[in-house]
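Enquirer:
Chains as they are written, first to last, in my numbering: chain A, 448 to 900; chain B, 448 to 900.
In structure tokens, the structure reads:
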């Protein structure tokens with residue numbers, strides 16, 4: 448049986464060129480300390496902000512990453528490494544991540560070009576981590592950013608994450624649950640993830656339950672027998688109104704009902720009225736079925752009587768922005784006693800060299816008004832700093848943050864955001880500038896590189 | 448440390464409602480044998496066919512799925528299950544998948560509404576598998592379908608999968624490598640996946656290698672020192688033409704060069720001419736950087752001199768079709784000695800009841816001309832059948848198929864497809880019809896349900 452689940456901290460969770468470059472640096476005795484920054488080049492179309500997520504899994508990887516002996520043997524047998532000396536493989540056997548990491552805590556609001564994670568480490572170590580850091584942080588930030596919009600659109604009604612079946616495999620489903628929880632989702636349908644994170648699991652019955660019984664009324668009754676207090680009955684297998692009439696006629700009150708298709712706004716109002724007339728004011732109406740923040744927002748605006756929303760595909764496999772274009776860029780190198788800032792010239796859009804910090808300025812009410820991407824060495828009084836040290840010498844500076852702290856941070860961050868940005872539509876952008884010293888450094892570095900090429 | 452990688456065969460890799468329904472069926476003594484079919488409702492926009500992938504990981508799960516004692520304890524403590532009798536949890540402790548599975552072999556070409564997988568099992572077992580089957584088969588079929596288009600567009604030049612960093616976590620990256628290999632990709636950058644599947648790993652240097660050295664010529668030289676025969680040198684860190692001139696001037700022939708940005712068609716022609724002039728006809732030109740089948744096709748049409756293509760985001764996080772809308776539908780139930788076909792009436796588009804088979808008809812040259820979705824019991828001479836038995840009584844009927852057999856099947860399938868469908872544009876659709884008995888059954892079942900509701 449092939450193990451499709453990789454060993455969690457395998458150093459082979461990387462792209463081959465990270466290992467060929469590692470061999471190259473090692474064999475050349477190139478002992479530089481490199482700083483890489485992970486950031487999103489631009490906001491997805493129609494988006495006003497991002498929510499950072501994925502840090503703790505990334506740190507887990509950095510703390511635990513190892514080459515197993517059989518993994519080293521595998522590389523050694525690869526013809527690509529035939530001219531690589533044996534000392535390199537000995538080095539891999541004792542390989543550890545020993546670097547320093549600064550990061551924006553999970554649940555923080557961030558914008559394009561702001562470093563979310565900054566790694567400073569011996570270049571081989573910093574480089575090897577690229578693939579896993581990107582695959583963890585890119586996806587979770589994507590999900591958290593979208594989930595925050597859905598939660599906001601629901602104006603206080605719970606939003607439950609139903610993404611597992613649409614996620615790209617089991618780990619993606621677990622990551623999605625985690626990120627959605629950070630952004631304020633009320634729980635998940637994903638059992639293994641609910642257990643892993645100690646958060647509420649949601650779910651009662653699918654259409655197949657109704658279809659399995661010859662008679663819909665009987666299908667409802669048999670479910671209520673087993674879940675007398677918790678059953679959410681699904682109304683739209685055949686006909687929403689007929690289904691609800693059967694439930695009310697039977698006289699057994701369910702915990703809730705669910706609409707998964709059709710004109711949910713109209714149906715929900717009709718269902719609410721019928722439930723209320725039956726004296727069942729406390730029966731909840733749950734809506735699902737290809738919902739996203741725009742549809743949730745429309746439902747709310749149209750006065751839909753919905754108590755909770757379920758979201759899946761739009762969260763884990765978004766329709767509006769398939770992936771963030773998150774990148775991990777070398778920005779600085781300390782080598783042979785010198786510090787040198789790095790930048791690539793081939794980029795369509797400029798990226799900035801140097802080790803950076805993000806300074807955030809608030810108004811007198813505590814609402815954020817602008818961000819400044821600056822050199823780490825700059826001092827800006829009256830500003831909050833976004834990047835904080837999270838790892839030194841390859842170990843976390845504090846225990847892994849509980850997921851609920853990140854969730855709390857996200858809720859607070861969204862409150863401090865200018866309220867126009869919380870719209871599901873595109874708002875006038877939050878001001879993010881690069882500091883003067885940073886812009887000056889970019890010019891210097893470009894000039895230096897142009898002289899050499 | 449939180450284990451973001453789930454236990455591979457955990458029965459908690461499911462949505463909670465599968466377990467509440469399981470408890471419901473169990474406690475009600477509802478012992479039905481259910482048939483579910485997994486299929487794609489419609490082709491993504493602009494697509495002419497799909498390539499089925501993900502079967503073997505799905506079968507691995509079905510063979511291995513178990514509840515661990517601590518997982519059962521977790522469920523038992525959930526308030527949702529408070530009225531569920533203890534016998535249910537004893538049942539979970541010995542839970543196995545004991546069903547029968549028919550499937551379209553991996554690498555086969557399929558179309559919308561054609562069952563890719565058909566599970567017949569005690570309803571609890573068939574239901575529980577839904578989440579994992581969908582998350583494995585949906586994503587891999589999505590990747591395989593896109594990869595086939597890229598491989599076709601490359602007209603014989605190798606296409607290498609670079610998706611790991613853009614994939615939604617490590618398992619998604621591994622699944623993507625597997626699916627891309629089935630569809631004819633030449634290898635992957637993903638080291639752990641290359642090892643897992645015994646396929647070629649590709650990669651030499653990133654921009655950061657060039658940026659790490661103060662001098663670009665020196666960066667090339669130091670890499671050639673370690674990889675004298677295998678180095679593919681990256682040209683576009685600062686200036687493509689300046690970089691190539693340095694390489695040629697240094698007089699050490701690399702295995703290849705890579706273009707990752709800019710006007711790749713024009714640059715590749717210029718690079719080829721320079722390399723040839725230097726007598727380096729055998730130096731390969733590799734292209735990458737946000738490539739997809741349309742861009743590959745344009746490059747080929749514009750006479751780009753490219754020997755191999757690298758593709759990432761477009762494969763694992765597609766821009767044209769973020770997810771297939773793959774679904775898993777109850778189509779038939781055997782209960783209390785009777786067989787009953789099932790269908791949901793709330794669907795915007797009709798789905799068909801009954802246990803199905805797909806019959807495929809070829810012309811005298813062996814090219815496929817049409818498919819017929821029919822009842823499993825129908826006989827259509829002169830047709831090939833797509834669904835074959837792969838699992839009986841919970842065990843595979845044959846050892847897991849080697850990945851290369853699926854790859855071979857995909858290559859052969861694409862050759863038998865009407866050639867218009869291989870275009871990167873939208874072709875007139877391949878004819879897929881539902882058989883007369885199937886359409887008649889749909890009417891009967893609908894009539895029966897309407898009478899009851």
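Don't be surprised by glycine CBs; every beta carbon is placed ideally from N, CA and C.
Treat the numbers as computed from the prediction; the structure is a model and nothing was measured.
Excluding five sequence neighbours on each side, which residues of the same chain lie with their C-beta closer than 8 angstroms to the C-beta of residue 619 (chain A)?
Expert: 586 and 763
Enquirer: Give the interface partners of residue 675 (chain B) over in chain A, defined as CB-CB distance under 9 angstroms, in chain order.
Expert: 530
Enquirer: If you draw a straight line from the alpha carbon of residue 624 (chain B) to that of residue 728 (chain A), how long is it in whole angstroms?
Expert: 52 angstroms
Enquirer: Using a Cβ-Cβ cut-off of 7 angstroms, state whether residue 474 (chain B) counts as contacting chain A.
Expert: yes
Enquirer: Using a threshold of 7 angstroms, state whether the C-beta atoms of residue 681 (chain A) and residue 701 (chain A) are closer than that.
Expert: no
Enquirer: Report buried or exposed for residue 688 (chain A), applying the criterion of at least 16 other Cβ atoms within 10 angstroms of its Cβ.
Expert: exposed
Enquirer: Report yes or no: is there a C-beta of chain B within less than 7 angstroms of the C-beta of residue 656 (chain A)?
Expert: Using beta-carbon distances, residue 656 (chain A) counts as an interface residue toward chain B, with a partner under 7 angstroms.
Enquirer: How many angstroms separate the CA atom of residue 640 (chain B) from the CA atom of residue 631 (chain B)?
Expert: 15 angstroms
Enquirer: For residue 844 (chain A), count neighbouring Cβ atoms within 10 angstroms of its own Cβ and tell me buried if that reaches 16, exposed if not.
Expert: exposed
Enquirer: Let me confirm a value: residue 897 (chain A) is counted as buried when at least 16 other C-beta atoms fall within 10 Å, else exposed. Which label applies?
Expert: exposed
Enquirer: Whose C-alpha, out of B:888, B:866, B:565 and B:501, is nearest the C-alpha of residue 787 (chain B)?
Expert: B:888
Enquirer: Spatial neighbours of residue 512 (chain A) within its chain, please: CB distance less than 6 angstroms, with the 5 preceding and 5 following residues excluded, ordered by chain position.
Expert: Closer than 6 angstroms at Cβ, skipping near neighbours: 456, 458 and 544.
Enquirer: Under 9 angstroms between beta-carbons, which chain B residues line up against residue 652 (chain A)? List them in chain order, please.
Expert: 464, 467, 468 and 471
Enquirer: Which of the three DSSP states is assigned to residue 583 (chain B) in this structure?
Expert: helix
Enquirer: Run through chain B and tell me which residues come within less than 9 angstroms of residue 672 (chain A), C-beta to C-beta.
Expert: 471, 474, 475 and 530
Enquirer: Counting contacts by CB-CB distance shorter than 7 angstroms, is residue 582 (chain B) in contact with chain A?
Expert: By this cut-off, residue 582 (chain B) is an interface position.
Enquirer: Taking C-alpha atoms, which residue in B:657, B:851 and B:659 lies nearest to residue 634 (chain B)?
Expert: Checked all of B:657, B:851 and B:659; the closest Cα to residue 634 (chain B) is B:851.
Enquirer: Would you mind giving the Cβ-Cβ distance between residue 772 (chain A) and residue 488 (chain A), rounded to the nearest angstrom? I have them listed as a contact below 8 angstroms.
Expert: 5 angstroms
Enquirer: Could you please tell me which residues of the stretch 564-590 of chain B, in chain order, have their CB closer than 8 angstroms to any CB of chain A?
Expert: Flagged, chain order: 570, 574, 577, 578, 579, 581, 582, 583, 585 and 586.
Enquirer: Anyone know if the C-beta pair for residue 711 (chain B) and residue 600 (chain B) falls short of 7 angstroms?
Expert: no
Enquirer: How is the beta strand (DSSP E) around residue 480 (chain B) delimited, first residue to last?
Expert: 480-487
Enquirer: So, is residue 780 (chain A) buried or exposed, given that buried needs 16 or more other C-beta atoms within 10 angstroms?
Expert: buried
Enquirer: Closer than 7 angstroms, CB to CB, is residue 777 (chain B) near chain A or not?
Expert: Chain A contact via Cβ: present.
Enquirer: Over the uninterrupted alpha helix (DSSP H) stretch that includes residue 891 (chain B), give me the two end residues.
Expert: 883-899
Enquirer: Counting only Cβ pairs nearer than 8 angstroms, list the residues of chain B close to residue 459 (chain A).
Expert: 638, 639 and 642
Enquirer: By a C-beta neighbour count over all protein chains shown, 10 Å radius and 16 as the cutoff for buried, is residue 880 (chain B) buried or exposed?
Expert: exposed
Enquirer: Run through DSSP, which three-state label would residue 461 (chain A) get?
Expert: coil
Enquirer: Taking only beta carbons into account, state which residues of the stretch 476-489 of chain A come closer than 9 angstroms to chain B, listed in chain order.
Expert: If the cut-off is 9 angstroms between Cβ atoms, the stretch 476-489 of chain A has 477, 479, 481 and 483 near chain B.
Enquirer: If I follow the unbroken beta strand (DSSP E) through residue 779 (chain B), where does it start and stop?
Expert: It spans 773-782 - the beta strand (DSSP E) in which residue 779 (chain B) sits, taken as one unbroken run.
Enquirer: Residue ranges of each alpha helix (DSSP H) run of no fewer than 4 residues wholly in the stretch 669-748 of chain B, ordered along the chain?
Expert: 687-697, 711-724 and 740-748
Enquirer: So, with DSSP's three-state summary, where would you put residue 598 (chain B)?
Expert: helix
Enquirer: Drop a sphere of 10 angstroms on the beta-carbon of residue 652 (chain A), count the other beta-carbons inside from all chains shown, and report buried for 16 or more, exposed for fewer.
Expert: buried
Enquirer: Let's test the definition: count the other Cβ atoms within 10 Å of the Cβ of residue 506 (chain B) and tell me whether it reaches 16, buried, or not, exposed.
Expert: buried
Enquirer: Quick check on residue 618 (chain A) - is its C-beta less than 7 angstroms from some C-beta in chain B?
Expert: Using beta-carbon distances, residue 618 (chain A) counts as an interface residue toward chain B, with a partner under 7 angstroms.
Enquirer: With 7 angstroms as the threshold, decide whether the Cβ of residue 405 (chain B) is near any Cβ in chain A.
Expert: As displayed, chain B neither begins before 448 nor continues past 900, which places residue 405 (chain B) out of reach and without an answer.
Enquirer: Buried or exposed for residue 516 (chain B), please, with buried defined as at least 16 other CB atoms from any protein chain shown within 10 angstroms of its CB.
Expert: exposed
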